[in-house]
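If you count the sequence shown from 1, position 44 lands on 59 in the numbering used here, and the numbers rise without skipping. Glycine included, C-beta positions come from ideal geometry on N, C-alpha and C.
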Amino acid sequence: MKVAYIQALGGASGDMLLASMLDAGLEKSELESLILDLGLTGISLQVTSTQRGGISGIHLDVKLDSDSKIPRRWQDFVRIVEASALSPRVKSQSLEVFRLIGQAEAAVHGVEPEHVHLHELGTLDTLVDVVGVIFGLETLRLEKVFCSALPTGSGTLRSQHGLLPVPAPATAAILRATDAPSYPPPSTLPATGEMLTPTGAAILGTIADFSSPVIQISSIGYGLGTRNPDAYPNALCLTIGELRDINANSDLLILETNIDDSTGEVLGYVQERLFDIGAKDVWYTPIQMKKNRPAVLMSALVSSEMKDDAVRLILNETSTLGIRVRSVERIEADRRIEEFQSSLGIVNVKIKVLNGKDIAVSPEYEDCKKIALKKSLPLIKVLDIVSFEASDQIL
């Protein structure tokens, strides 16, 4: 599986993300064609090789003529994307980013989303940044994106609303909405100003899995911000390669406990809570305890990092007095996810790979569910049709 890992060394913004892709292999001409496909005029791309904090990379400046600098509403961006001939994946993820920005701004200013004015985010360079990054993922054939925690910066920033705290309120709202992990710079550094922009937070909150993969590296790109501070490198690192060894995961634990006095409602609730905090799997097994009491064995598969949180949750939410903990190794088959055009509509399918060969196809439940509801078909029939067609064409 070809994946990317983004290390937000000095923060993240839309132009830094796009610049890192240019440094990693995306062609400037491909972005220029994208701009034309979106029906945009008065826009040019200035790509410069330079340095930030001793790191060489690409700085991207999206140049706008006077007409292109007129602020738009986020709904205008949505209409441009919807009217384009972009692929379904690029369209859907781009629209998700813009809706996230619009909802965050609405929450900050206490207005309905349709009344939001984006000000600095409303010019066409924001549209180029967002759609360009999503387009870049597809063009570079990246199936998944991983990302580090995001540095927010510190101090204040000046905007059309006046002096604002860092992170900007819209950025903070996006981090909250997406559960993206973030952190302030060390207190030993002087006030850094804004390191994470709303656009950068919205893009990464939409596309990224905030965890660290094991990658066999094929290319590296550095996207550079406009400022060149002394305290830190204003750069973002994009690493591209094949996902390796993540499927042989020995850093897993099984937490087990016997419960004989909880209702089905409580057990179901605890299972949901464990999934919410990141459990890999949770299941119940019927057992017989002393004095012939029927009971259940609760088992939760978790990473070692979340052991304390999971143990605390189980002790708080159930009557158990003790939890058994043991290490396990889980081996997973390689897989990738592709969009498949079935006779019923577009469905994401998961393809299992063994020794480099595709051996099985499984349609994504949520996509099939939407089709079943839209077309008033039995879900099992949709699953069967998509499975048969995908297997016939892919395997």
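* Rounded C-alpha distance that separates T241 from L204 -> 19 Å
* Cα-Cα, which of D194, D276, E320, G54 is closest to L142? -> G54
* Would you decide whether S109 is buried or exposed? Buried here means 16 or more other CB atoms lie within 10 Å of its CB. => buried
* Same chain only: Cβ atoms within 8 Å of F161, ignoring 5 sequence neighbours per side -> V18, A19, Y20, I21, A223, D224, F225, S226, S227, P228
* Can you give, in chain order, each stretch of the alpha helix (DSSP H) that sits fully within the stretch 97 to 177 and has at least 4 residues? -> 103 to 124, 139 to 154
* Asked: Ordered along the chain, which non-local residues of its own chain (more than five positions away) have a Cβ less than 8 Å from that of G411?
  -> Within the shown structure, residues of the chain are numbered from 16 to 410, placing residue 411 beyond reach of any answer.
* Asked: For D76, which residues does DSSP report across the bridge?
  -> Q61
* **Sequence-distant residues of the same chain with beta carbon closer than 6 Å to V343, five excluded per side** => L267, I269
* To do: State the beta-bridge partners of M304 as determined by DSSP.
  => R308
* **Span of the beta strand (DSSP E), counted from its first residue to its last, around S342** => 339 to 346
* Asked: So is F403 buried or exposed if we call it buried at 16+ other beta carbons inside 10 Å?
  -> exposed
* In the DSSP assignment, what are the bridge partners of N273? -> L312
* **Separation of K305 from T186, as counted between CA atoms** => 55 Å
* To do: Count the other CB atoms, across all protein chains shown, that sit within 10 Å of the CB of W298; report buried if there are 16 or more and exposed otherwise.
  => exposed
* Per DSSP, T254 forms a beta bridge with which residues? -> Y20, I235
* To do: Please list, in chain order, all residues of the same chain as L394 whose beta carbon is under 8 Å from its beta carbon, the five residues on each side excluded.
  => C383, K384, A387
* Might you give, ordered along the chain, the residues of its own chain that have their beta carbon closer than 7 Å to the beta carbon of A246, omitting 5 neighbours on each side? => L204, P205, T207
* Per DSSP, which residues does Y198 bridge with? Please list them. => P166
* **Simplified DSSP assignment, three categories, for R351** => strand
* To do: List the DSSP bridge partners of L267.
  => S318, V343
* Asked: Would I409 pass as a contact of D373 if the rule is Cβ separation under 7 Å?
  -> yes
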